[in-house]
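Asks:
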Amino acid sequence: MELDTGSTLSIISARTLRKLCPTGGPKLRPAPFTLRDFQKRKVPTMGVGTFRVQYRGRMRRLDLLVVKGPYISLLGLAWFGPLGLAVTGVNHTSLQVDVDAICKEFPGVFDGKLGQYTGPPIALQLDPAVRPVRLKARRVPFALKPRIDEELDRLVEQGVLEPVPNAPWETPIVTPVKPNGSVRICADYKCTINKALTAHAYPVPVVSHVLATLAGSKFFGKLDLAQAYQQLPVDEATAEAQTIVTHRGAFRVKRLQFGVSVAPGIFQNLMDSLLKGIPGVTPFFDDVLIAGPTPEEFEDRLRTVLHRFQTAGLKVKREKCLLGVPQVDFLGFMVDAEGVHPTGDKVRAICDAPAPKNKTELQAFLGLLNFYHSFLPHKAAVAEPLHRLLDKRAPWVWGQRQEAAFQAVKDLLVSNSVLAHFDERLPVVLACDASPYGIGAVLGHQLPDGREVPVAYFSQTLNATERNYSQIDKEGLAIVKGVKKFHDFLYGRPFTVVTDHKPLLGLFAPEKQTPQVLSPRVLRWSIFLASYQYALIHRPGKAMGHADALSRLPLPETGPDPAPAQEVMSLELLPDRPIQAQEVADHSKKDRVISRVLDWVWRGWPSSSPGPEFAGYTTRKHELSAHKGCLLWGSRVVVPQPLRKRVLTALHETHPGVVRMKALARSYVWWPGIDGEIEAWVKHCQACQESRPDPPRAPVQSWESARAPWSRLHVDFAGPFQGKTFFIVVDSYTKWLEVALVPSTSTSAAIRVLRRLFATHGLPDTLVSDNGTAFTSGEFQTFTAQNAIRHIRSAPFHPATNGQAERMVRTTKDTLRRMTQGDWEYRLATFLLAQHSTPSSTTGRSPAELLMGRRLAIRLDRLHPDRAQDEVVVGEGRNPRTFEAQDPVYAKNFGAGPAWVPATVTRVTGPVSYEVLTDGGQCWRRHCDQIRRRFPGENQEEEDRSEESQGNSGAVRPIEQQGQVGEAESVNTERTREAERTPEPEPRLSEPLAPDQTVPSQPASLEHEPEPEPRTREHPRPQRTRRPPAYLEDYECDLPGRTGT
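End of the sequence shown sits at 1045 in the UniProt record's numbering; the numbers just go up one at a time, nothing left out.
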């Protein structure tokens, strides 16, 4: 044991304890503390045990801490007294490096700001044969938009970004959110300029050559550059090629950007040139290792490095620097005064692997042994007790013999005969695998004969959250954690990642664009892997026994997220506006074919055949028409060539199949060859190809036809789908679909949705569902019974019985998976509108037509001139009464006073509305129904007042006056003003009546009254027979000039 007076505890490694106590030793107690080394790294502990210790005749029972891994055993102060030990005299003095004083000499290097290299700008060499790629920006969630804008403003202020109108190369960005809440701008260059960049010729440093320069050093330090790549300016052409596109437009990137494939080689070349000639200084990308045999030489070398950084304009992160320490981790090795040592992490996955608990785990462990059998001498003899446990009739007994064989096999796997040293000249292979409870990875070399030899092992147990991942996420986690674990070996050089999960090739393959629909976790992993030069290949699980064994026998410890982030934000553009009828007419005038067809439709078709390009129009010439500049075939608009792609995009907005897309198109648009273009569009749609389901295996028994709309409903739950649960309702007769977001698959959620639908469409006769607990509960049975609904449940384990709902569940999921724009409310509304208005292949009519008796209006209706949103035209029918300015009228009074007041028309404000000025000087606006003509005369006002008083007293007006008012209100406006002003005498009561008229005798007082002056009439009236109304025969009416019963 090594004496350490700075440690209170005495420590021993588990490997050393097994050699001292082959039988296992005393039982260990959990350690009541957390142990860390001088670099603040956590030291894994197995526990504390009480051991018998003998030293020079003294026997004591002392506590000893057992740690995992190949650590050095230490003798602490707690054993000094019981064993009679003491340390006297000064045996050695330690010299310290004054790091703080040196850092104060170069405040500009440690000020925390972004540095700027003062040398020549970086220039990227692009292949001129590769055409520039411009991708669309991605949409910004409103919640994260302020933080994105803040980060863009910060980068613009630092000089990293510069706004531009556009550029030949435009790369979209993905923005992970850091744990502190700020965002980081990353560009997806693997789809744009990385395809055109020529490989950088500068070699990556050889690790063995780097470590060989450290011989004889006792003091070490490591510097970490802040935003290393972004400290290097680029020239104008490179800044234009690195342009990113965001929701605020395009930005030129004036610094070298993370994600550019040749950036590591460029940066390493610059660092080697900058620090060339300084002994003991080794740059490796953004890390710089400084070593010196004495404190003075270390300080001189550190000052030289910082001086060159200050001259070059580069800056480092003070909090990530490690200076003046006796040992340091660098490139996966422990470097100290004794030399270079491999870290215990390389073999800890094997040394600390737990013993198998059943035959399945033992088979996985022996699979690792068989994978490297060609490197293991006497493998069969060493592992013979373990193989005997796998016999069919052998009972599972794990005793001392099996434990000894297990430890011997582990020692054999980490021996020099198997574990190889890392060699930069050999291809690097990283094999990763995941089990339901662990992950494993093996870093190795591929030898010239095709065999693989291991360099380091890694395994880890999944935590509670990671065990809930889907299998594809677990396999992806194994790759990401394996790459991060062996970062020092893999970064900056090409390597191969091997997996037995083939779907990962569509997510992480470097030659493919990042899918737009990804979970935030997988998107973070894709961004993390984009900085490495790797090839992803698939290998069957039987050929990956080494990684599979590590995943099934993982170390008991868990680890953090390898690419931590809280959320990922994507930016996209809003969709284009819908096509209007006027736009179709404008393009039809410019179209070479359609413009000539329009002319023939107006003037007549030529006698001879006009040409093959007009064949589709010639066969339909008797069915073609022109309307408002648009060419129509029946009711379908003929779309000009420039607009056809946009129309196809609108028809395929919800990603229907060929049949449904054709059915929708046949209701609105046509052009020659439209069916073939629709088939090609659906065939080449990437989203449809990636999510297209398998064809049905066999036809199912059909239900009897529903009798009427909304008579039989099929219901089911869909989800969880992308974190949401949906309730599906489909009408069997009309194929009308309803989709509702629900919080859970409970009975109450289903009943709430059904009640809302029943309030709109009424109660159905039959309700069909599966055997889910939401539909078999007593609450749901009571609900259907109270509403007199027949509830039919499908047979157990036979979902085809409820095929209507199951098919709509699949349609809903496929459509929503392909629709990536907008929130859930927008996506559901868009999908349901398209479903309700698209003709069904079964019925030939849209669900809305069958359920509502009408076709719903959608954006495609705007293509047709008759359905466009034109100005309102007054409908035909009886012409309303009209007035002109300065006409005398009576206006309806809605305030205090008479019901009608004299006024004069001052202005016509609409077809049936006017502005009038009363005699009292008030300006009113009135409808024509609130105005009647005022006929000038001497007794007009007196008669009007008489009519007002009679109306107020409830007396019935004379028949003649009723007829005058009725006729005055129905004046025929088509007659001329002169005819309207022609005076005509009013008929008097004394005029002779027709033989069938019976008029009561008039009072004598009326006979001596002077006859009124004849009033001027605006319209002549026909003479007709008048008699009192029949309903007044039983009443005594007080009518002026006559009496009656």
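C-beta atoms are modelled at their ideal positions from N, C-alpha and C, and glycine is treated no differently.
1) Check this for me: beta carbons of residue 856 and residue 836, under 7 Å apart or not?
2) Could you tell me which uninterrupted alpha helix (DSSP H) segments, each at least 4 residues in length, are contained entirely in the stretch 112-193, listed from first to last along the chain?
3) What's the gap between the Cα of residue 844 and the Cα of residue 764?
4) Please state whether DSSP places residue 392 in a helix, a strand or coil.
5) What is the DSSP secondary structure of residue 513, reduced to helix, strand or coil?
6) Where do the ends of the alpha helix (DSSP H) carrying residue 305 lie?
7) For the candidate residues 771, 649, 809, whose alpha-carbon lies nearest to that of residue 721?
8) Of the residues 766, 669, 313, which one's Cα is nearest the Cα of residue 120?
9) Put residue 271 into one of helix, strand or coil per three-state DSSP.
10) If you draw a straight line from the C-alpha of residue 862 to the C-alpha of residue 583, how long is it?
11) I'd like to check one pair, residue 293 with residue 218: are the Cβ atoms closer than 7 Å?
12) Count the C-beta pairs between the stretch 895-902 and the stretch 600-615 that are closer than 8 Å, then say yes if the count reaches three, no if not.
13) Anyone know if the C-beta pair for residue 626 and residue 598 falls short of 7 Å?
14) Whose C-alpha, out of 521, 527, 506, is nearest the C-alpha of residue 536?
15) Please go through the same chain and pick out, in chain order, the residues whose beta-carbon is closer than 8 Å to the beta-carbon of residue 92, but skip the five residues on each side of it.
16) Pick out whichever of 639, 173, 783, 271 has its Cα sitting closest to the Cα of residue 259.
17) Buried or exposed, going by whether 16 or more other CB atoms sit within 10 Å of the CB of residue 753?
18) Going by other Cβ atoms of all chains shown within 10 Å of its Cβ, with 16 needed for buried, is residue 659 buried or exposed?
19) Assess, as a yes-or-no matter, whether the stretch 138-148 is touched by the stretch 253-269 under the definition of 3 or more beta carbon pairs within less than 8 Å.
20) Restricting to Cα atoms, I'd like to know which of 62, 14, 23 is closest to residue 68.
21) Count the other CB atoms within 10 Å of the CB of residue 47; is the residue buried (16 or more) or exposed (fewer)?
22) With burial defined as no fewer than 16 other Cβ atoms inside 10 Å of the residue's Cβ, what is the status of residue 1028: buried or exposed?
23) Quick one: what's residue 66 bridged to in DSSP?
24) Grab me the residues of residue 681's own chain with a C-beta within less than 7 Å of its C-beta, minus the 5 sequence neighbours each way, in chain order.
25) Residue 873 to residue 744, Cα distance in whole Å?
26) Given a cut-off of 7 Å on the beta-carbon distance, is the pair residue 643 and residue 633 in contact?
27) Starting from the C-beta of residue 286, find all residues in its chain whose C-beta is less than 6 Å away, skip the five residues before and the five after it, and write them out in chain order.
28) Using DSSP's beta-bridge definition, name the partner residues of residue 430.
29) Can you tell me whether DSSP reads residue 238 as helix, strand or coil?
30) Determine, using beta-carbon pairs with one atom in the stretch 240-259 and one in the stretch 149-168, whether at least three such pairs fall under 8 Å.
31) Could you spell out where the alpha helix (DSSP H) holding residue 423 opens and where it closes?
32) Check for me: the beta strand (DSSP E) holding residue 926 runs from which residue to which?
33) Should residue 161 be labelled buried (16 or more other beta-carbon atoms within 10 Å of its own) or exposed?
34) In whole angstroms, what separates the C-alpha of residue 669 from that of residue 645?
35) Assuming residue 537 is part of the beta strand (DSSP E), what are its boundary residues?
36) With DSSP as the reference, please indicate the residues paired to residue 931 in a beta bridge.
Replies: In terms of the structure at hand:
1) yes
2) 145-158
3) 23 Å
4) coil
5) coil
6) 295-312
7) 809
8) 313
9) helix
10) 10 Å
11) yes
12) no
13) yes
14) 506
15) Its pLDDT being 42, under 50, residue 92 is placed unreliably by the model, and the measurement read from it follows with that caveat. Closer than 8 Å at Cβ, skipping near neighbours: no residue.
16) 173
17) buried
18) exposed
19) no
20) 14
21) exposed
22) buried
23) 12, 47
24) 648, 652
25) Because the pLDDT of residue 873 is 48, which lies under 50, any placement of that residue in the model is unreliable, and the number read from its coordinates should be weighed accordingly. Answer to the nearest angstrom: the Cα atoms are 51 Å apart.
26) no
27) 225, 228
28) 443, 497
29) helix
30) yes
31) Residue 423 -> no alpha helix (DSSP H), and no H or E assigned at all.
32) 923-927
33) buried
34) 12 Å
35) 534-538
36) 891
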